[in-house]
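> Right, I'll just put the structure down here and ask away after.
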Amino acid sequence: MNFDQSREIPDDEAKSIIREIVADGTLILSRHAKERMAERGYSLQDVVHILLHGEIVKKEYKEKTQNWSYRVQGYDLENDEGAIVVAIIKRMSAIIITVLG
Numbered sequence: 002m003n004f005d006q007s008r009e010i011p012d013d014e015a016k017s018i019i020r021e022i023v024a025d026g027t028l029i030l031s032r033h034a035k036e037r038m039a040e041r042g043y044s045l046q047d048v049v050h051i052l053l054h055g056e057i058v059k060k061e062y063k064e065k066t067q068n069w070s071y072r073v074q075g076y077d078l079e080n081d082e083g084a085i086v087v088a089i090i091k092r093m094s095a096i097i098i099t100v101l102g
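Position one of the sequence shown corresponds to residue 2 (my numbering), numbered consecutively onward.
This is the structure in structure tokens:
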């Protein structure tokens, strides 16, 4: 089955796909995300925790890349609030765009 990254996905479905990717797929960290993780003291485990337990609070269509990004807000392993901006690029692949503290 082909995945159309330009198609708007309902939040519940997007959340399910993101969690599936975290569990069994490929997460790609952008250079920007790696820099923000270092600045904010986030580990990959913090990012994964937020993606697995957080909620989508915002989505935005990116004309340049012709895909949707989702802001997943939740709590990291230290119980500090944070957010991850992620784009689903294939059925089992996603890119972490940035980390918000």
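All C-beta atoms, glycine included, are put in the ideal place defined by N, C-alpha and C.
Which whole-angstrom value describes the C-beta separation of R37 and V100, a residue pair presumed to lie in contact below a C-beta threshold of 8 Å?
In the sequence shown, counting from the first residue as 1, residue 37 sits at position 36. In the sequence shown, counting from the first residue as 1, residue 100 sits at position 99. Right, the Cβ-Cβ distance comes to about 4 Å (below 8 Å), so this counts as a contact.
> Can you give me the C-alpha to C-alpha distance between G55 and G75, rounded to a whole angstrom?
By 1-based counting over the sequence shown, the position of residue 55 is 54. By 1-based counting over the sequence shown, the position of residue 75 is 74. Rounded to the nearest angstrom, the two C-alpha atoms are 4 Å apart.
> Under a three-way DSSP split, which group does G70 fall into?
The residue you call residue 70 lines up with position 69 of the sequence shown. The question names Gly, but residue 70 is Ser in the sequence shown. Residue state, collapsed to three classes: strand.
> Can you name the residues that DSSP bridges to V100?
Residue mapping note: residue 100 aligns to position 99 of the sequence shown, counting from 1. DSSP lists I85 as partners of V100.
> How big is the Cα-Cα spacing for E14 and E40?
Numbered from 1 along the sequence shown, position 13 holds the residue referred to as residue 14. Numbered from 1 along the sequence shown, position 39 holds the residue referred to as residue 40. Cα to Cα, E14 sits roughly 31 Å from E40.
> Across which residues does DSSP place S17 in a beta bridge pair?
Position 16 of the sequence shown, counting from 1, holds the residue named residue 17. Answer is none; S17 lacks a bridge partner.
> Identify the continuous alpha helix (DSSP H) that holds L78 and give its terminal residues.
As a working note, residue 78 is residue 77 in the sequence shown. Run containing L78: none; DSSP gives neither H nor E here.
> Looking only at C-alpha atoms, which of R92, D47 and T66 sits nearest to V73?
Working through the sequence shown from its first residue, we reach residue 73 at position 72. Selected option, being the one with the closest Cα: D47.
> Mark D12 as exposed unless 16 or more other C-beta atoms lie within 10 angstroms of its C-beta, in which case mark it buried.
By one-based count along the sequence shown, residue 12 stands at place 11. Under this definition D12 is an exposed residue.
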